[in-house]
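Numbering (the working numbering), first residue to last: 784 to 986.
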């Protein structure tokens, strides 16, 4: 990516950190020369006429445009949006070209597998926040194991039959009754012991 200009920032500025991170995520940070103003001499700052950071000096039509503060952030956001729109238009153009090539080769005939279609790109609404297409991959069913694709197991294998359900219910009911009997025996013993203690105390 060619150099568009310079980005002036300060390590003490949260807006600068956010803007640099956004540009890095969008893949456009390397198109700018980053210059920190933290240790920049005052004479240099006055020379380039930077009053607020973040600031961007952009080379456009052999002229230098300066954007500071909110204007710098807005310029970057508009640049990113314009870049995405251009990418979407280019991909849509490629998709249309693929469809045209398909018509030339196969006409209106129906085929099980069409390389230009199955191996092409999707429509440009693969994402929610941007119109960007995605490449499509076509795999033969018998070749799935070669690509380590995770497939969903047969759900019927894990379903319980009616007999299994009855057996489990009986099992847990027996366990519950056994535990209840044990608890009742303990409570009954404790109650008898308490009665005996009271009788001995009163006598």
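All residues carry an ideal CB built from backbone N, CA and C; glycine is no exception.
Asked                                                                                                                                               : Found
Looking at the unbroken alpha helix (DSSP H) that takes in residue 799, where does it start and where does it end?                                  : 797-808
Under three-state DSSP, which class holds residue 835?                                                                                              : coil
Report whether the distance from the Cβ of residue 873 to the nearest heavy atom of the ligand FAD is below 8 Å.                                    : The ligand FAD is absent from the structure shown, which contains no ligands of any kind.
Cutting at 8 Å between CB atoms, please list the residues of its own chain near residue 967, excluding the five before and the five after it.       : none
Can you give me the start and stop residues for the beta strand (DSSP E) that residue 823 sits inside?                                              : Run containing residue 823: none; DSSP gives neither H nor E here.
Is it true that the segment 848-856 meets the segment 866-885, where meeting means three or more beta-carbon pairs spaced less than 8 Å apart?      : no
Measuring straight from C-alpha to C-alpha, what distance separates residue 820 and residue 801?                                                    : 16 Å
Is it buried or exposed for residue 808, if we count other Cβ within 10 angstroms and need 16 for buried?                                           : exposed
CB residue 799 to CB residue 836, shorter than 9 Å?                                                                                                 : yes
Report yes if the CB atom of residue 862 is closer than 9 Å to the CB atom of residue 811, and no otherwise.                                        : yes
Taking the C-alpha atoms as reference points, what is the distance between residue 825 and residue 868?                                             : 40 Å
Span of the beta strand (DSSP E) holding residue 787?                                                                                               : Run containing residue 787: none; DSSP gives neither H nor E here.
With distances taken between CB atoms, is the gap from residue 815 to residue 839 smaller than 9 Å?                                                 : yes
What separation, rounded to the nearest whole angstrom, lies between the Cα atoms of residue 946 and residue 977?                                   : 47 Å
What's the C-alpha gap between residue 846 and residue 858?                                                                                         : 16 Å
Beta-carbon within less than 8 Å of residue 957's beta-carbon, same chain only, minus the 5 sequence neighbours each way: which residues are those? : none
By DSSP, does residue 943 sit in helix, in strand, or in coil?                                                                                      : coil
Which value, in whole angstroms, describes the spacing of the CA atoms of residue 865 and residue 856?                                              : 14 Å
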